[in-house]
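Each remark here refers to the structure printed beneath this line.
Number of protein chains: 2
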Amino acid sequence: MSEYLNALGERAKKASIILGTLSEEEKNKAIFQIAEDLKIFANEIITSNKFDVDNLIAGGKGLNMIDRLTLNEKRIEEMAEGAKQVTQLKDPVGEVVESFTRPNGLVISKVRVPLGVVGIIYESRPNVTVDAAMLCLKAGNAVILRGGSEAINSNKVLVNVIAKALEKSGLPKDSVQLIEQTDREIATQFMRLNKYVDVLIPRGGAGLIKAILENATIPVIETGTGNCHVYVDNEADLNIANDIVINAKTQRPSVCNAMETLLVDAEIAEEYLPVIAGKLMEKNVEIRGCNRTSEILGSSGIVLKNADETDWETEYNDLILAVKVISGVEEAIEHINKYGTRHSECIVSENKEKINIFQKKVDAACVYANASTRFTDGFEFGYGAEIGISNQKLHARGPMGLKELTTIKYIISGTGQIRG
Amino acid sequence: MSEYLNALGERAKKASIILGTLSEEEKNKAIFQIAEDLKIFANEIITSNKFDVDNLIAGGKGLNMIDRLTLNEKRIEEMAEGAKQVTQLKDPVGEVVESFTRPNGLVISKVRVPLGVVGIIYESRPNVTVDAAMLCLKAGNAVILRGGSEAINSNKVLVNVIAKALEKSGLPKDSVQLIEQTDREIATQFMRLNKYVDVLIPRGGAGLIKAILENATIPVIETGTGNCHVYVDNEADLNIANDIVINAKTQRPSVCNAMETLLVDAEIAEEYLPVIAGKLMEKNVEIRGCNRTSEILGSSGIVLKNADETDWETEYNDLILAVKVISGVEEAIEHINKYGTRHSECIVSENKEKINIFQKKVDAACVYANASTRFTDGFEFGYGAEIGISNQKLHARGPMGLKELTTIKYIISGTGQIRG
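These protein sequence lines are chains A and B, in that order.
For the first sequence, the tail end lands on 462 under my numbering, and the numbers increase by one without skipping.
For the second sequence, the tail end lands on 462 under my numbering, and the numbers increase by one without skipping.
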């Protein structure tokens, strides 16, 4: 293990022990200071950010990437505002989840405590640096950040501002640290720093998640990949279906809770597919259909690319939609459980029994009836924050807020009890 | 990925979807049938077990191992009794953990559901086959078992009896499956069967846990390793300290919640160490001391092996105890957070403030004041069952019962809501 990482980990661990003993007021005071200092040092931040942006431009990257990386006064203002909002969230630490007395007199309390040291591995956008760090801090965790190399100068200055504000507020400056080495080898080693890091949360695309699952020995909360489906039942209200299909596919196609495959019941396919295809094409959506879909739409003069196995598995994150005609709710469930990524799934139907079967049998974090999959989001759920959307089953499932950045600890008080 | 494992995984996944829809009564009925059939087929079980036992004897293994592996009528009776007790435990599935309505009318319910497919990797004792399978089943999970090669004949017949009883009760027989190939390569592949397995729970020694952390890509609940400490403060009631130290070290030294290192406050070391050393030696405990400990006990004529860095890190699981003199509660906390395995830790003190600091700052699943670490146990906590003791922080911490074999799912009901 790299000396550099070991030292960083040890400092984070020490900071985390102190953070775990702080009151909500102490943490809020520090977060306020950080928000203030971000605004005060806006010029320094913008100057460092310009190095990153210039590198990207010199590398001939697209406007989209450049825009995502760029910090200006307005964006720094927004980061500071976001940090202040975190102070409004209720601190979950210290909550007594359960407490009971055993026949032998032992008092056992299950108390909510911080996770300890959280590792965040993420890509490009420097606002994640501040967002993630503030949420971890509010929940009493030390955080080690590993951002993308293209944002290294921005991240360095942001973490530097944060660390100084922490010190000013009397908190350990090592509560928020950045891995300043940007090579891959160091990232791989970081994923194995079990001695000091309690959990790893990746924020990024499928490639990043896969690399982490392959290499990490630290427990990971898998986030992000969303191959989401909408199933339109033969007993659907087709107006509702139209709204949901268009919203779930086109309102923001690049995100994980957007729909990627539409499943249509065979009984209504002939009636419904031409209607919805027209609406989708108006929104510039490319449709890739199963044989039956191509047949039906073909007779309306619409020529499609045929969908194959790969399409059922793909999270396009784009204005592309796979469409399949299936026979009833059970076949829809089977398709979803085979190809889905356990994220967000939807049935459109007026039949309560079918809704019940679908919601029971579909294996996913969020199972919707008659509402868009786009609602899977910490803010839309009213959690006031989001550190990511988990699509694994351990620890947290679906949108993760502050509470998901904590664990529990048993505090047991005795008077000399021993086991017989 | 091996065809064999893929097929096994696919069957388990299918079974899990059905299991997730069953009522508590249906699951209990099947578990009762299994308990009955274990007794009915006791002779077949004993005959197959004898192959394993004979192999072990032929391999020249020790009596301890042979005893652990051996099944007789009494032990089968106990397994059946254990299964019946599982039917008495409350089914956690279906509990509505939270439910709320959003301003847009979406009704969001957080509902407790089975994990899905649970993988258990374990060593030697064939009773784990039945215990683990029954707990998984009651919580609505399909389970894939991978036992040790030395118990393969016993495990085969046990799983065969279980599968037939499941079929009789109308449940999918693939709810409980055994990996019948016993080579290491298949175990390593099993740890990477993410497509079908939702969580891996190892039950075994440090070597097994390490191999799983190294190789698994499936989320793991780390269990078992316990390098536990008792800290005797200068304000301790020394009678209580005596009881706890002797109990935590000697009542069952081979288990994970036994004490491995005793920390004694410097202020009472001269008075206390000779007393407790005498009592420990009466119980045949070998003491390995820090320099100060050796010095103090040396002047009472007790010659010790010196403890070094390795001793602080070691889970002896034996009648050996490392002893260190330290200066006060903060140094005790530092030692524990450096060398402990986040399992069970204890302070003996009458000073409430020190107890509070210790319980807040020590980073472990169970932090005791004035009680033996030996209480960290699902039954002692009143959970009525135990699938293992987690010493990681994600998902579950400390003794894990039925609830820890479940996860949650968001069920969202709308009337056509889309995101603006």
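Where is the CB? At the ideal position from N, CA and C, for every residue including glycine.
Here the structure is a predicted model, which means the values were calculated and not measured.
- Residue nearest to Lys-215/B within the set Ile-221/B, Gln-223/B and Ala-205/B is Ala-205/B (criterion: CA-CA distance).
- Residues Val-185, Leu-187, Ile-204 and Val-218 of the same chain have their beta carbon placed closer than 7 Å to that of Ala-175/A, with the five preceding and five following residues left out of the count.
- Here Lys-347/B is bridged, per DSSP, to Arg-330/B.
- Phe-142, Arg-144, Leu-148 and Ile-150: these are the residues of the region 123-150 of chain A whose beta carbon lies less than 8 Å from some beta carbon of chain B, given in chain order.
- Runs of beta strand (DSSP E) with 3 or more residues, each lying fully within the region 255-333 of chain B, are found at 270-274, 301-307 and 328-331, listed in chain order.
- Distances from the CA of Lys-325/A to each of Glu-312/A, Cys-298/A, Asn-289/A and Thr-303/A were compared; the closest alpha carbon is that of Asn-289/A.
- At a beta-carbon threshold of 8 Å, none of the residues of chain A lie near Lys-69/B; the nearest stands roughly 15 Å away.
- According to the DSSP secondary-structure assignment, Val-390/A is paired through a beta bridge with Val-274/A.
- At a beta-carbon threshold of 8 Å, the residues of chain B lying near Val-241/A are Lys-435 and Leu-436, ordered along the chain.
- In terms of beta-carbon proximity, Phe-232/B stays away from the interface with chain A, with every pair separated by 9 Å or more.
- For Ile-186/A, no chain B residue has a Cβ inside 7 Å of its Cβ, as the nearest lies near 15 Å away.
- Note: Gly-161/B is bridge-paired with Ile-186/B and Leu-242/B in the DSSP secondary-structure output.
- Leu-305/A places its beta carbon less than 9 Å from that of Lys-366/A.
- For Gly-382/A, there is no enclosing alpha helix (DSSP H), as DSSP gives it neither H nor E.
- Residues of chain B whose Cβ lies closer than 7 Å to the Cβ of Ser-414/A are, in chain order, Gln-459, Ile-460 and Arg-461.
- One finds Arg-439 in chain A with Cβ atoms closer than 7 Å to the Cβ of Ile-450/B, taken in chain order.
- Per DSSP, Thr-89/B lies in no beta strand (DSSP E); the unbroken alpha helix (DSSP H) holding it starts and ends at 84-100.
- The distance from the Cβ of Gly-268/A to that of Glu-357/A is about 6 Å, consistent with a contact at the 8 Å cut-off.
- Residue environment analysis places Gln-130/A among the exposed positions, since fewer than 16 neighbouring C-beta atoms fall within 10 angstroms of its C-beta.
- In this structure, Ala-125/B and Ile-82/B do not form a Cβ contact; the two beta carbons are roughly 13 Å apart against a cut-off of 8 Å.
- When Cβ-Cβ separations below 9 Å define contact, Gly-266/B makes no contact with chain A.
- Taking a beta-carbon distance threshold of 9 Å, Pro-295/A does not count as an interface residue toward chain B.
- No Cβ of chain A is located within less than 9 Å of the beta carbon of Thr-356/B.
- Within the same chain, Cβ atoms closer than 7 Å to the Cβ of Met-121/B are found at Leu-80, Asn-169 and Val-172, the five residues on either side in sequence being excluded.
- For Leu-322/A, the CB contacts under 8 Å within the same chain, skipping 5 residues up- and downstream, are Val-287, Ile-288, Lys-291, Thr-292, Ile-329 and Leu-363 in chain order.
- Chain B has no Cβ within less than 9 Å of the Cβ of Ser-65/A.
- Taking a 10 Å sphere around the C-beta of Ile-99/A, we find fewer than 16 other C-beta atoms and assign the residue as exposed.
- Taking a beta-carbon distance threshold of 9 Å, Phe-83/B does not count as an interface residue toward chain A.
- In the three-state DSSP reduction, Gln-459/A falls in the strand class (E or B).
- Using a Cβ-Cβ cut-off of 9 Å, Ser-369/B is close to nothing in chain A; its nearest Cβ partner there is about 18 Å away.
- Three or more beta-carbon pairs separated by less than 8 Å are not found between the region 234-254 of chain A and the region 112-119 of chain A, which leaves the two stretches without contact.
- For the pair Ala-438/B and Arg-154/B, the Cα-to-Cα distance works out to about 15 Å.
- For Thr-259/B, the closest alpha carbon among the candidates Asn-85/B, Ala-253/B, Asn-236/B and Leu-250/B is that of Asn-236/B.
- Within the region 248-263 of chain A, Leu-255, Glu-256, Thr-259, Pro-261, Val-262 and Ile-263 place their CB atoms closer than 8 Å to a CB of chain B, listed in sequence order.
- Under the Cβ criterion of 9 Å, Cys-408/B is counted among the residues facing chain A.
- Ranking Arg-110/B, Thr-448/B and Ala-407/B by CA distance to the CA of Ser-196/B puts Arg-110/B first.
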